[in-house]
Ligand code: BEZ
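Residue numbers (this note's numbering): 307 to 703.
Here it is in structure tokens:
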């Protein structure tokens with residue numbers, strides 16, 4: 307009788323296990339799916355590729371696993387076109403069934419999917435696009451940004467250029483779309499409030515091939531100004547910086563730009579045109595943190611080139627996501643748990659300390675740099691730092 311009881315209880319356990327096991331397996335075997343949206347064509351192609359490379363590099367480091375689950379990334383080419391944003395996001399969420407969205411370079415693309423991700427409750431971790439309203443008046447509990455708000459670093463940069471660099475009269479140049487205007491307005495705020503004069507604002511279209519007509523205008527007013535402030539990114543930045551030097555303006559009207567325009571990773575395409583120019587940035591390869599030394603080394607080993615700020619933004623975007631997934635034991639099907647874990651993520655990043663503000667936008671150091679010859683190549687050399695700059699930064703009293 308005892309033997310029969312034992313056999314029955316063993317059979318019971320076997321039946322129970324065969325019932326529970328496949329369910330447990332199915333849950334843990336399901337990958338966390340991340341839709342990665344970036345431009346792989348057009349003016350911002352290198353930004354998209356570098357963000358993607360940085361994102362994958364971090365996932366390599368954690369074996370493409372978080373919270374006990376595999377990570378799968380599904381790439382989607384936005385072509386940097388705002389009209390494609392909603393189509394691509396819908397495809398990723400409704401067809402590919404992604405749990406999270408990440409990436410995005412162009413502000414217009416990010417703005418175009420703001421309502422969709424909010425309605426669908428799909429967390430979006432922006433690794434570049436700086437449309438400031440996404441973490442201010444149009445903030446969403448589902449939207450986070452690890453890069454910058456357009457205008458954020460520029461608040462500090464404008465103040466620095468007047469008060470510390472001693473440039474009092476500036477010409478302003480930026481692409482004629484929201485990012486260009488938002489960055490220019492950020493720059494002008496404390497530059498003007500400190501007493502600075504903006505001699506002229508010039509907004510060429512995004513993807514301008516020939517800056518000559520705009521540079522001719524700059525040349526005409528050069529005698530009335532101390533310098534030029536500019537923001538251009540991607541292939542625009544290469545054309546702008548090289549043509550500025552070819553026009554002979556570099557010597558007469560010093561260039562002080564946003565970091566995107568003088569990113570280290572673009573110097574091989576600029577020759578000596580960038581040498582001696584200055585910028586303010588949240589990332590360059592000479593930032594002296596142990597995390598950056600390691601990041602530059604592993605990035606170089608994997609891709610055979612220097613990382614750009616966009617590579618670092620992709621890398622820390624992936625790190626923030628992985629840390630939040632780990633904190634909730636992989637339960638990404640619960641977006642509220644994921645976003646509440648992500649809000650708490652902070653770590654020493656290659657750029658320095660990384661954390662979010664109350665509106666889920668990054669707080670970060672802004673480094674003031676000069677492009678100098680280091681060994682046999684131009685490099686941003688850090689000259690000064692403005693710590694903990696947030697999107698509502700105010701000048702020191
Ligand atoms: C933007 O559209 O927000 C952006 C694009 C390229 C570089 C920086 C910002």
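No residue lacks a Cβ here, since even glycine has one placed at the ideal position from N, Cα and C.
Bear in mind the structure is a predicted one, so any value in this text is a computation, not a measurement.
| Asked | Found |
| --- | --- |
| Taking buried to mean at least 16 other C-beta atoms within 10 Å of its own C-beta, is residue 334 buried or exposed? | Residue placement at residue 334 is flagged as unreliable, the pLDDT there being 42, under the threshold of 50; the coordinate-derived value follows with that caveat. Answer is exposed; the Cβ neighbour count stays below 16. |
| Closer than 8 Å is the cut-off here; do at least three beta carbon pairs connect the stretch 348 to 358 with the stretch 591 to 598? | no |
| Tell me which residue opens and which closes the alpha helix (DSSP H) that residue 558 is part of. | 555 to 558 |
| Taking Cβ to Cβ, would you say residue 338 is nearer than 8 Å to residue 631? | yes |
| Could you check if residue 331 is buried or exposed, using at least 16 other CB atoms within 10 Å of its CB as the buried criterion? | No answer about residue 331 holds up, because its pLDDT of 36 lies below 50 and its placement is not dependable. |
| Hey, out of 502, 377, 460, 468, whose CA is closest to residue 487's CA? | 460 |
| Judging by CA-CA distance, which residue of 432, 695, 581 is the nearest neighbour of residue 625? | 432 |
| Can you look up residue 351 in the DSSP assignment and give me helix, strand or coil? | helix |
| Quick one: is residue 389 buried, meaning 16 or more other Cβ sit within 10 Å of its Cβ, or exposed? | exposed |
| Can you tell me the Cα-Cα spacing of residue 609 and residue 502, whole angstroms? | 43 Å |
| State the DSSP-derived secondary structure class of residue 673, mapped to helix, strand or coil. | strand |
| Check residue 576 in the structure and name its three-state DSSP category. | coil |
| Say yes only if the C-beta of residue 382 is nearer than 7 Å to one or more non-hydrogen atoms of ligand 1, and no if none qualify. | no |
| Quick check: what's the CA-CA separation for residue 409 versus residue 428? | 14 Å |
| If we require 3 or more residues per run, which beta strand (DSSP E) segments fall completely within the stretch 411 to 478? | 430 to 432, 449 to 451 |
| Straight-line CA distance for residue 500 to residue 602? | 37 Å |
| Can you give, in chain order, each stretch of the alpha helix (DSSP H) that sits fully within the stretch 478 to 558 and has at least 4 residues? | 484 to 499, 518 to 527, 541 to 552, 555 to 558 |
| Grab the span of the alpha helix (DSSP H) containing residue 628 for me, first residue to last. | 615 to 633 |
| DSSP three-state label for residue 595, please. | coil |
| Comparing alpha-carbon positions, which option in 448, 441, 401 lies nearest residue 627? | 448 |
| Given a cut-off of 8 Å on the beta-carbon distance, is the pair residue 364 and residue 621 in contact? | yes |
| Tell me the residue span of the beta strand (DSSP E) that contains residue 389. | Premise fails: residue 389 is in no beta strand (DSSP E) and is neither H nor E. |
| Any Cβ of chain D within less than 8 Å of the Cβ of residue 533? | The chain labelled as chain D is not found in the depicted structure, where only one protein chain is given. |
| Given that a residue counts as buried once 16 or more other Cβ atoms are within 10 Å of its Cβ, and exposed if not, what is residue 652? | exposed |
| What residues in its chain sit with their C-beta under 6 Å from that of residue 575, if we drop five residues either side in the sequence? | 544 |
| Does the Cβ of residue 614 lie closer than 7 Å to at least one heavy atom of ligand 1? | no |
| Between residue 438 and residue 419, which are expected to be in contact by the criterion C-beta below 8 Å, what is the C-beta distance as a whole number of angstroms? | About 16 Å; that fails the 8 Å criterion. |
| Count the other C-beta atoms from every protein chain shown that fall within 10 angstroms of the C-beta of residue 367, then say buried if there are 16 or more, exposed otherwise. | exposed |
| Return helix, strand or coil for residue 565, following the three-state DSSP convention. | helix |
| Any residue with its C-beta under 5 Å from a non-hydrogen atom of ligand 1 counts. Can you list them all in chain order? | 412, 413, 435, 436, 485, 539, 566 |
| Quick one: measure Cβ to Cβ for residue 656 and residue 618, integer angstroms, because I've assumed they're closer than 8 Å. | 5 Å |
| Tell me the DSSP secondary structure of residue 638 in three-state form. | coil |
| Can you check whether the CB of residue 538 is closer than 8 Å to the CB of residue 481? | yes |
| Please name the residue, chosen from 421, 584, 564, 546, that lies closest to residue 456 on a Cα-to-Cα basis. | 564 |
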